[in-house]
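This report refers to the structure that appears directly beneath it.
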Amino acid sequence: MEFLVTTVDETYNIGEQIGSLVNSGDIICLIGDLGTGKTHLTKGIARGLGIEDNITSPTFTIVNEYTGRLRLYHFDVYRVNDPNEIEAIGFDEYIFSDGVSVIEWANYIEELIPPNNLTITIEKDLQIGDNYRKISIEYSDKRYDYIKGIKL
Amino acid sequence: MKILSIDSATESATCAILDDNKVLGEITFNYKKQHSQILMPIIDELFNNTGMNISDIDAFVASKGPGSFTGLRIGMATIKGLSQGTKKPFVTVSTLDSLAYNLAYTGGVICPILDALRDNVYTALYTFKNCELDRISDYVNISIDDLINTLAHKNCNISFVGDGVLKFKEKLIANLPNVIFAPAHLNLARATSLGELGLKLLSNGTFDDLYASVPIYLRKPQAEREYEEKMRQKKNE
Numbered sequence: 000m001e002f003l004v005t006t007v008d009e010t011y012n013i014g015e016q017i018g019s020l021v022n023s024g025d026i027i028c029l030i031g032d033l034g035t036g037k038t039h040l041t042k043g044i045a046r047g048l049g050i051e052d053n054i055t056s057p058t059f060t061i062v063n064e065y066t067g068r069l070r071l072y073h074f075d076v077y078r079v080n081d082p083n084e085i086e087a088i089g090f091d092e093y094i095f096s097d098g099v100s101v102i103e104w105a106n107y108i109e110e111l112i113p114p115n116n117l118t119i120t121i122e123k124d125l126q127i128g129d130n131y132r133k134i135s136i137e138y139s140d141k142r143y144d145y146i147k148g149i150k151l
Numbered sequence: 000m001k002i003l004s005i006d007s008a009t010e011s012a013t014c015a016i017l018d019d020n021k022v023l024g025e026i027t028f029n030y031k032k033q034h035s036q037i038l039m040p041i042i043d044e045l046f047n048n049t050g051m052n053i054s055d056i057d058a059f060v061a062s063k064g065p066g067s068f069t070g071l072r073i074g075m076a077t078i079k080g081l082s083q084g085t086k087k088p089f090v091t092v093s094t095l096d097s098l099a100y101n102l103a104y105t106g107g108v109i110c111p112i113l114d115a116l117r118d119n120v121y122t123a124l125y126t127f128k129n130c131e132l133d134r135i136s137d138y139v140n141i142s143i144d145d146l147i148n149t150l151a152h153k154n155c156n157i158s159f160v161g162d163g164v165l166k167f168k169e170k171l172i173a174n175l176p177n178v179i180f181a182p183a184h185l186n187l188a189r190a191t192s193l194g195e196l197g198l199k200l201l202s203n204g205t206f207d208d209l210y211a212s213v214p215i216y217l218r219k220p221q222a223e224r225e226y227e228e229k230m231r232q233k234k235n236e
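Below, the structure is given as structure tokens:
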């Protein structure tokens with residue numbers, strides 16, 4: 000599934016729709032270069048979950064926790080050099096819990112990501128426009144079929 | 000000797016006060032991990048209802064794992080803090096030992112299993128010899144299938160205890176003969192069981208070093224994980 004967006008608001012809006020649909024135990028992987036809007040998408044997801052807090056990227060804390068309709072665990076593993084490091088903070092206990100996990104730069108810790116995840120890849124194309132983004136959503140587990148209900 | 004013991008390695012948040020002869024009190028909640036919020040109030044409650052305070056405690060017992068990463072650190076930090084503040088010794092005991100001890104005097108092999116996620120369990124094997132708990136294997140983190148293979152040729156009863164039972168009971172019944180499961184009231188980590196084992200160690204003069212003592216997390220070595228990942232990818236190809 001693909002969305003072509005041209006503004007940050009559209010990215011946020013997709014996030015918000017995802018956030019309103021996610022279920023307990025969902026694992027959302029966000030993949031994309033710096034400045035593609037991974038955190039903006041997460042802000043939308045948090046809003047969709049009814050979380051009022053200001054969401055900031057947990058680049059240094061690795062994980063931030065929020066409480067909304069469900070618990071949200073927001074990971075940013077950009078700084079993680081070795082999957083062992085993230086495992087040592089009890090990663091499994093977060094992602095296999097009742098909450099929803101959003102993992103920025105999930106591709107850095109591929110070996111720890113279970114197959115039943117929702118992967119969202121955000122790509123720029125500067126030739127088309129500075130704010131142009133292609134948001135691709137992939138999953139193999141039927142649990143994420145709610146994604147089909149998302150509209151731009 | 001009066002001791003305070005805490006086990007927060009699993010979903011169970013449990014604290015107890017024991018002396019050499021009896022259990023003076025125990026409070027256990029086996030409902031949703033909320034250790035950081037309820038552990039201190041539980042300790043407070045124990046003191047209030049036994050008319051004791053922290054200065055009546057001669058030593059402390061904590062779980063050294065394996066188990067939940069966060070839970071272990073909460074329990075360990077709590078006990079280390081109390082030990083350092085009161086200048087009283089502490090000792091750590093594995094939650095696997097205490098779970099096995101829940102089934103004291105059971106014949107055959109006792110096999111505590113804790114859910115280590117991704118179809119793995121933390122486990123060790125025990126027997127009761129001359130009324131003493133005897134651990135007959137290392138503490139390991141292995142897949143449930145490997146554990147079943149290990150136990151397949153045992154021709155005695157195997158008694159399972161621990162939160163892994165909730166997840167793997169059907170599988171164990173289907174793949175092993177002679178399996179027995181702990182009844183619910185024994186199928187959880189209890190600070191009395193941990194405390195009693197700790198008390199024996201403390202009475203023998205065994206205690207942990209405040210700065211050197213760390214939980215056993217039993218993470219799989221990276222090489223092993225990479226191998227598993229490789230196998231998984233191969234299977235998907």
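Protein chains in written order, with numbering that gives the first Met the number 0: chain A, 0 to 151; chain B, 0 to 236.
For every residue, glycine included, the Cβ atom is placed at its ideal position computed from N, Cα and C.
Fair warning: this is a prediction, and the values are worked out from it, not measured in the lab.
Query: Chain A within 8 angstroms of B:L116, Cβ atoms only; Result: yes
Query: Reduced DSSP secondary structure (H/G/I, E/B, other) of A:E110; Result: helix
Query: Alpha-carbon to alpha-carbon, B:L113 and B:K229; Result: 26 angstroms
Query: Closer than 7 angstroms at the beta carbon, the chain B residues around A:F95; Result: L116
Query: Sequence-distant residues of the same chain with beta carbon closer than 6 angstroms to B:F167, five excluded per side; Result: I143
Query: Paired residues, beta bridge with B:Y121 - DSSP; Result: B:L113, B:N140
Query: Sheet register partners of A:I102 (DSSP bridge); Result: A:C28, A:F74
Query: A:T55, buried or exposed, once every other Cβ within 10 Å from all chains shown has been counted against 16; Result: exposed
Query: Below-8 angstroms beta-carbon distance, B:F68 vs any chain A residue; Result: yes
Query: Assumed close pair A:G47, A:E15 - CB separation to whole angstroms, cut-off 8 angstroms; Result: 4 angstroms
Query: Distance CB(B:G70)-CB(B:A8) smaller than 8 angstroms; Result: yes
Query: Spatial neighbours of A:N93 in its chain, beta-carbon cut-off 8 angstroms, leaving aside the 5 residues before and after; Result: The residue asked about is misnamed: residue 93 of chain A is Tyr in this sequence, not Asn. Same-chain partners within the cutoff: V62, Y72, F74, S100.
Query: Assigned exposure category for A:D144 - 16 Cβ within 10 Å defines buried; Result: exposed
Query: Between the CA atoms of A:I102 and A:D81 - distance to the nearest angstrom; Result: 15 angstroms
Query: Chain-order list of residues whose beta-carbon lies under 8 angstroms from that of A:N6 (same chain, five-residue window excluded); Result: Asn is not the amino acid found at residue 6 of chain A; the sequence shown has Thr there. Closer than 8 angstroms at Cβ, skipping near neighbours: N130.
Query: B:Y104 - DSSP class collapsed to helix/strand/coil; Result: coil
Query: 8 angstroms Cβ cutoff, A:D25 in contact with chain B; Result: no
Query: Beta carbon proximity, B:R134 to chain A, threshold 8 angstroms; Result: no
Query: Extent of the continuous beta strand (DSSP E) to which B:F68 belongs; Result: Counting along the chain, B:F68 falls outside any beta strand (DSSP E), though it belongs to the alpha helix (DSSP H) covering 68-85.
Query: Cβ-Cβ distance between B:I5 and B:A61 below 8 angstroms; Result: yes
Query: Member of A:T60, A:F95, A:V79 whose CA lies at the smallest distance from the CA of A:R70; Result: A:F95
Query: Proximal residues of chain A, C-beta to C-beta of B:R189 below 8 angstroms; Result: Ordered by position in chain A, no residue passes the 8 angstroms Cβ test against B:R189, which lies about 22 angstroms from the chain.
Query: CB contact check: A:E137 to chain B, cutoff 8 angstroms; Result: no
Query: Backbone CA spacing between A:E122 and B:S35 [nearest angstrom]; Result: 41 angstroms
Query: Listed by chain order, chain B residues near A:E183 by CB distance under 7 angstroms; Result: Residue 183 of chain A falls outside the range modelled here, since chain A spans only 0 to 151, and no answer is possible.
Query: Chain B contact residues for A:D91, given Cβ-Cβ distances below 9 angstroms; Result: F68, A115, L116, R117
Query: Distance, A:N22 Cα to B:T191 Cα; Result: 38 angstroms
Query: Assigned secondary structure, B:N24 (DSSP; H/G/I helix, E/B strand, else coil); Result: This sequence places Gly at residue 24 of chain B; Asn is not what is there. Here B:G24 sits in strand by DSSP.
Query: Interface flag, A:I88 vs chain B, CB-CB below 8 angstroms; Result: yes
Query: For B:F159: DSSP bridge partner residues; Result: B:C110, B:F180
Query: Whole runs of the beta strand (DSSP E) within the segment 8-73 of chain A, excluding any shorter than 3 residues; Result: 26-30, 62-66
Query: Beta-carbon spacing of B:L241, B:Y100 below 8 angstroms; Result: The structure shown does not extend to residue 241 of chain B, since chain B is modelled only from 0 through 236, so no value can be given for it.
Query: Contact the segment 48-58 of chain B vs the segment 83-93 of chain B: 3+ CB pairs below 8 angstroms; Result: yes
Query: Burial state of B:S202 (16 or more Cβ within 10 Å); Result: exposed
Query: Test item: CB-CB of A:F2 and A:L151 under 8 angstroms; Result: yes
Query: Closest residue to B:T205 among B:K233, B:A58, B:K32, B:F28 (Cα-Cα distance); Result: B:A58
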